[in-house]
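This report refers to the structure that appears directly beneath it.
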Amino acid sequence: MNPSYLCLTDLLDQNPSAYEYFQTLPPSMQDRLRREDDGVISFNQLQARVAHLRAAERTKR
Numbered sequence: 537m538n539p540s541y542l543c544l545t546d547l548l549d550q551n552p553s554a555y556e557y558f559q560t561l562p563p564s565m566q567d568r569l570r571r572e573d574d575g576v577i578s579f580n581q582l583q584a585r586v587a588h589l590r591a592a593e594r595t596k597r
């Protein structure tokens, strides 16, 4: 089971895998995730949120 954290910042501070993954994202995606923070409290949620945002970007094109 994946541990959950208080918020995105807590996740990134406490989970090295999540932090490394986050650092590979384009700055615009990082900014959007920080701004929206939509309750991302696990690495799985972070990956799912990125996938959702990328899919939304593709449909806008």
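Numbering-wise (my numbering), the sequence shown opens with residue 537 and increments by one.
Even for Gly, the Cβ is constructed at its ideal location relative to N, Cα and C.
Remember, it's a predicted structure, so these values are computed and weren't measured experimentally.
Going by alpha carbons, who is nearest to residue 570 out of 591, 546, 540? 546
Between the CA atoms of residue 558 and residue 566 - distance to the nearest angstrom: 7 Å
How would you call residue 585, buried or exposed, if buried means at least 16 neighbouring beta carbons within 10 angstroms? buried
Over the uninterrupted alpha helix (DSSP H) stretch that includes residue 585, give me the two end residues. 579 to 596
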